[in-house]
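Enquirer:
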Amino acid sequence: MNMFEEIEREKQDLPKIKNITNEISHYTFNGYQKFAIVTFLVCFCFGIILGNLFPACGTSSNLYGSCTTTEFNFSLMLFFWFVSFLGCLFFYAIGHIISLLTSIDESLRKSK
5 MNMFEEIERE
15 KQDLPKIKNI
25 TNEISHYTFN
35 GYQKFAIVTF
45 LVCFCFGIIL
55 GNLFPACGTS
65 SNLYGSCTTT
75 EFNFSLMLFF
85 WFVSFLGCLF
95 FYAIGHIISL
105 LTSIDESLRK
115 SK
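With positions in the sequence shown counted from 1, the corresponding number in my numbering is that position plus 4.
1) What is the residue span of the alpha helix (DSSP H) that T106 lies within?
2) Please confirm whether N77 and P59 have their CB atoms less than 9 Å apart.
3) Quick check on the burial criterion: 16 or more other C-beta atoms within 10 angstroms. Buried or exposed for G55?
4) Just how far apart, CA to CA, sit M7 and K20?
5) Is there contact here, the segment 103-115 with the segment 46-55, by at least three beta-carbon pairs under 8 Å?
6) Could you compute how far the alpha carbon of S186 sits from the alpha carbon of S115?
7) Looking at F95: is its Cβ nearer than 9 Å to the Cβ of T43?
8) Is DSSP giving Y36 helix, strand or coil here?
9) Look up L18 in the DSSP assignment and say whether it is helix, strand or coil.
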């Protein structure tokens with residue numbers, strides 16, 4: 005058995021952009037999913053603002069510490085992004101479950 009012949013047999017064409025946009029355009033978001041997407045975009049920007057508002061101490065002048073240089077608080081920004089991602093993912097999942105349940109309900113009503 006030749007490996008290249010098997011690859012040729014199993015090979016599929018890449019999907020065209022028109023097919024991809026048709027598949028995406030049929031999907032509609034419900035209120036929970038829209039809320040999660042908008043909230044994540046707002047929290048993404050707010051994470052950058054928080055990292056700048058609460059800077060980290062770069063170097064301190066003595067043991068008990070007054071900061072001589074401050075820098076962007078990258079860890080606070082990443083933490084806020086992670087927490088907001090989890091919260092928004094939770095709302096998005098609730099919206100997806102609700103949309104699946106409504107589609108099941110619609111298909112059950114049609115079959116009766």
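Ideal Cβ placement from N, Cα and C applies to all residues, glycine included.
Expert: If we stick to the structure as given:
1) 78-115
2) yes
3) buried
4) 27 Å
5) no
6) This structure does not reach residue 186, given that the chain is present from 5 up to 116, and the question cannot be answered.
7) yes
8) helix
9) coil
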